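Enquirer: Going by numbering that gives the first Met the number 0, the first residue of the sequence shown is number 0, and it counts up by one from there. Input: one structure, supplied below.
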Amino acid sequence: MEYDDNEILDAFQSDYNREIEESFVNMLCDTEYLKLFFINENEAFTDGRNIIVDPALDEMYKDRTALYKAEEYLGCEHKLCEDKWLALKIVTRSQSIHESLHIIFTHFPLFCVNDVRSITNARLKTLSLIANIIEDAFIEAAGCSYFDNIEFYLKFGRVSRLFASNPKEGTVKKAFHNDHMHDYKKSQNINNKSIGLKKHMVRSFKLKNKLSNIVDKLHKDKCELLMIYLDYMATDLLYPMVIQPAPIFAIRKYVNATKELFHSGMICGNHYERHKYVQKIFDIIENLIPKDDKNIDETILRQKLGAIKTHESKNDSPMDINSQGKEIKITKVLFGGSDNNNEQWKQIINKLNSEKENVLRLFLRKANMKNYMEVFLMTAEFIKM
């Protein structure tokens, strides 16, 4: 039986399926108190006790081109681009895992709120964004180090986001390179000629550098420079498969002075020490921070990070959450090596296929029952007349 997009989304977002996902996050976090909710507001976040995910995030589940490219980049068989329900499951599970890792490893309440540096909204927002970049990279590295079966979901969450949005400046190396270049370790030390870069791509890359130099000469106010800097560092830390041109001159000294601090923060397993890296970075780039936050445009960072609500200073939860966050030794980072993605992929698909038809049949049965009851009630009203 064929289902349209809305039917598939409705079926997936049934309470039955939500409970399956809620059980999963409780199992992952080794608790029974977490609540998980589905929304369709294009964001995912946690306050430390509740997890909010959007199965239709970026409408990825029906973006066949993006799904195809993501599977191709990861070296997997093309399944999601042909199956919207499976796509919904993978997109949702990727979000659920990411937010669960925050609950396991992130300190709540967030340090930024009570930091003495946060004396203005602009300073608090800047501190929070720096922490967001480091913490997202850290929890994914922690997840890869602590669990042995979630890395693929985390990779998919990152890679699919690149293809779902329009990349600016940097471009996924897979788009430039030949088929074997999804091996990240190899790509670190190979120049453009040795990876089969096409001539027009080389010209395009040189043009980018020229344009970068032109832009470099233009006046940039503090808000623009701050966001250019944060975007550059977020791409460097979270998307190591992306080629970036050299940073513009106005932020180059900040990039050079803080790059190692970002990477050290990513692999720091103690939350107190990790926040010290955030503070050091903040102190170095303090001159970039404007007096107020009204012109700080977070749009690009939201696309890169997926969501920033988990790291915002305001907590919408009616309960005070106090969680120390698990300390861990980082032994592996996301995209830190070449794994057998296709084997993991086959195992995941086989497992998800087993529950797919059951959920859809249950939804269809409930839908038919609802239609039956509507006809029954309409008939009863007609008889009364």
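All C-beta atoms, glycine included, are put in the ideal place defined by N, C-alpha and C. Quick caveat, the model's predicted, so the values are computed rather than measured.
1) Alpha carbon to alpha carbon, how far is Glu76 from Ser117? Give it in angstroms, no decimals.
2) What would DSSP say about Thr330, mapped onto helix, strand or coil?
3) Can you list, in chain order, the residues of its chain whose CB lies under 6 Å from that of Asn137, leaving out five sequence neighbours each side?
4) Which residues share a DSSP beta bridge with Thr45?
5) Note down the Cα distance separating Glu70 from Lys154, rounded to an integer number of angstroms.
6) Could you give the DSSP three-state label for Phe146: helix, strand or coil?
7) Taking all protein chains shown into account, do 16 or more other C-beta atoms lie within 10 angstroms of the C-beta of Glu326, making it buried, or fewer, making it exposed?
8) According to the neighbour-count rule (16 or more other Cβ atoms, all chains shown, within 10 Å of its Cβ), is Lys124 buried or exposed?
9) Judging by CA-CA distance, which residue of Lys83, Lys34, Asp135, Ile38 is the nearest neighbour of Phe261?
10) Give me the Cβ distance between Ala121 and Lys290, rounded to the nearest whole Å; I'm assuming they're in contact under 8 Å.
11) Assuming the contact rule is C-beta atoms closer than 8 Å, Thr330 and Ser144 should be a hit. Round their C-beta distance to whole Å, please.
12) Output needed for Phe281: all residues of its chain with C-beta closer than 7 Å, excluding positions within five of it in sequence on either side, in chain order.
13) Between which two residues does the beta strand (DSSP E) holding Lys34 run?
14) Mind checking if Ile96 is an interface residue toward chain B, Cβ cutoff 7 Å exclusive?
15) On the CB-based measure, 16 or more other CB atoms within 10 Å of its CB, does Ser95 come out buried or exposed?
16) Which of helix, strand or coil does DSSP assign to Ile133?
17) Which two residues bound the contiguous alpha helix (DSSP H) that contains Gln302?
18) Excluding sequence positions up to five away, which residues of its chain have a Cβ less than 8 Å from the Cβ of Lys78?
19) At what residues does the alpha helix (DSSP H) containing Ser13 begin and finish?
20) What residue ranges within the stretch 241-301 form continuous beta strand (DSSP E) runs of no fewer than 3 residues, ordered along the chain?
21) Quick check: what's the CA-CA separation for Gly156 versus Asn269?
22) Which residue's Cα is closest to the Cα of Asp114: Lys279, Glu6, Ile103, Glu18?
23) Short of 7 Å in beta carbon distance, which residues of its chain neighbour Ala55, apart from the five on each side in sequence? Order them along the chain.
24) For Ser322, does the three-state DSSP call read helix, strand or coil?
25) CA-CA distance, Asn190 and Ile242?
26) The alpha helix (DSSP H) spanning Tyr231 covers which residue range?
27) Would you list the residues sitting across from Phe107 in a DSSP beta bridge?
28) Using the beta-carbon count (16 or more within 10 Å), is Asn188 buried or exposed?
29) At the level of alpha carbons, what is the spacing between Gln12 and Val90?
30) Could you tell me the alpha carbon to alpha carbon distance between Phe36 and Ser93, rounded to whole angstroms?
31) Suppose you measure from the CA of Met226 to the CA of Ile250; what does that come to, to the nearest Å?
32) Determine the DSSP secondary structure at Ser117, reduced to helix, strand or coil.
33) Can you tell me whether DSSP reads Gly74 as helix, strand or coil?
34) With 16 other CB atoms within 10 Å as the buried threshold, where does Ser159 fall?
35) Could you tell me which of Asn255, Asp57, Asp4, Leu27 sits nearest to Gly305, measuring between CA atoms?
36) What does the alpha-carbon distance come out to for the pair Leu73 and Ala65?
Expert: With the given structure in hand:
1) Distance between the alpha carbons of Ser117 and Glu76: 48 Å.
2) coil
3) At residue 137 the sequence reads Phe, which differs from the Asn that was named. Setting aside the 5 residues that flank it on each side, Phe137 is surrounded in the same chain by Met265, each with a C-beta closer than 6 Å to its C-beta; the list follows chain order.
4) Ile50
5) 10 Å
6) coil
7) exposed
8) buried
9) It is Asp135.
10) 6 Å
11) So it is a contact: roughly 5 Å between Cβ atoms.
12) Arg116, Thr125, Leu126, Ile129
13) 34-37
14) No chain B appears in this structure, which consists of one protein chain only.
15) buried
16) helix
17) If you look at Gln302, you'll find it in the alpha helix (DSSP H) that goes 298-304.
18) Glu70, Leu85, Trp344, Ile348
19) Element bounds for Ser13: n/a, residue is neither H nor E.
20) Listed in chain order, there is nothing to give.
21) 25 Å
22) Lys279
23) Leu8, Asn39, listed in sequence order.
24) strand
25) Bear in mind that the predicted position of Asn190 carries a pLDDT of just 37, short of 50, making it unreliable; the figure below should be weighed with that in mind. Taking the straight line joining both Cα atoms gives about 12 Å.
26) 221-237
27) Ser322
28) Its pLDDT being 38, under 50, Asn188 is placed unreliably in this model, and the coordinates cannot settle the point.
29) Their Cα atoms are separated by approximately 13 Å.
30) 15 Å
31) 10 Å
32) Three-state result, Ser117: coil.
33) coil
34) buried
35) If we check each option's Cα against that of Gly305, Asp57 comes out closest.
36) Rounded to the nearest whole angstrom, the C-alpha separation of Leu73 and Ala65 is 12 Å.
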